[in-house]
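*Asks:* Would you mind keeping the following structure in view while I ask a few things?
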Amino acid sequence: MHDYIQRTELDPLFEDAARLVVDAQNCSTSLIQRHFSIGYNRSSQIIENLEEGGIIGPFALPHREVLCKTRDELDNILNCLNKFPHLKELEEFSILSQPGTSEVLKILNENLSVIARTDDLSVLNEKYNIAFECIEWMYMKGIELSHMTENEAKKTIFENKNENIIRIAGGMYASCLRKSNLLKEKDIIDNLIKETIEKLFECSNSVVEAKNRDFSINHILYLKNEVVNIHI
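Residue numbers (the working numbering): 316 to 547.
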């Protein structure tokens, strides 16, 4: 299991300290202490985060090796930390530790598997955000998916998202129809219809720009009209 760093765990001086050691190509607790006028414990924690991030090597004599040789290399790591907010929080994924392709593919496939099964729109949106970040990470590293360009891969996942939104919307309509047939009180049926229409509206708002966008929105609109007609 890779170590990982959550943004909230990083010292506010982390980025400045990282730039200091990269520019100096030297790293020590005392260097950070003196430069930032901070205590030993805080300086040691920053050193630990720099090592976890792959910016510096493990403890060694006469000094730790600075693994990042240029500001460009460092900026790539820091940008990754900011760019992939979902991935950096997963237990077996570390942007800073540069995980292997197989790990990212595993995360991608796990999330796509959840997407294919879930009937919860909020879960669908969350998992697609993570899947999208996986794809962006892979193409940033020059890794292609099934010989597709990055734009082709993104178009595919957008179309897939819309297809699953239609599936969830269809389930909402079917559930509303089934429950309405079992209910007798008009007020309860009216509330059920209102809630279902609101959920279908959320489905419409979750549809993304893709080749099947218009079809997806029109299909959800059709389901809304069918729900409205339930009590007529």
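We put the CB at the ideal spot given by N, CA and C, even for glycine.
Treat the numbers as computed from the prediction; the structure is a model and nothing was measured.
1. Quick check on residue 368: buried or exposed, where buried means 16 or more other Cβ atoms within 10 Å of its Cβ?
2. Return the first residue and the last residue of the alpha helix (DSSP H) that residue 543 is part of.
3. Quick check: the region 423-435 against the region 512-521, are there 3 or more CB pairs under 8 Å?
4. Tell me whether residue 325 sits in a helix, a strand or coil according to DSSP, three-state version.
5. Is there a C-beta anywhere in chain C that falls below 8 Å from the one on residue 378?
6. From the DSSP output, in three-state form, read off residue 381 for me.
7. Is it buried or exposed, residue 537, if we count other Cβ atoms within 10 angstroms and call 16 or more buried?
8. Quick check: what's the CA-CA separation for residue 490 versus residue 476?
9. In angstroms, rounded to a whole number, what distance separates the CA positions of residue 531 and residue 510?
10. With DSSP run on the structure shown, which of helix, strand or coil describes residue 347?
11. Which residues in the same chain have their Cβ closer than 7 Å to the Cβ of residue 405, if we skip the five residues on either side of it in sequence?
12. Give the DSSP bridge partners of residue 554, in chain order.
13. Is DSSP giving residue 332 helix, strand or coil here?
14. In three-state terms, what does DSSP make of residue 376?
15. If you draw a straight line from the C-alpha of residue 388 to the C-alpha of residue 334, how long is it?
16. Looking at residue 470: is its Cβ nearer than 8 Å to the Cβ of residue 525?
17. Does the separation of the CB atoms of residue 534 and residue 472 fall below 8 Å?
18. Taking 8 Å as the cut-off, decide whether the C-beta atoms of residue 328 and residue 371 are in contact.
*Replies:* On the basis of the supplied data:
1. buried
2. 528-543
3. no
4. coil
5. No chain C appears in the structure shown, which is made up of a single protein chain.
6. strand
7. exposed
8. 21 Å
9. 20 Å
10. helix
11. Note that residue 405 has pLDDT 42, beneath the 50 cutoff, so the model's placement of it is unreliable and the number below is only indicative. The residues are 422.
12. With the chain running from 316 to 547 in the structure shown, residue 554 is simply not present.
13. helix
14. coil
15. 11 Å
16. yes
17. no
18. no
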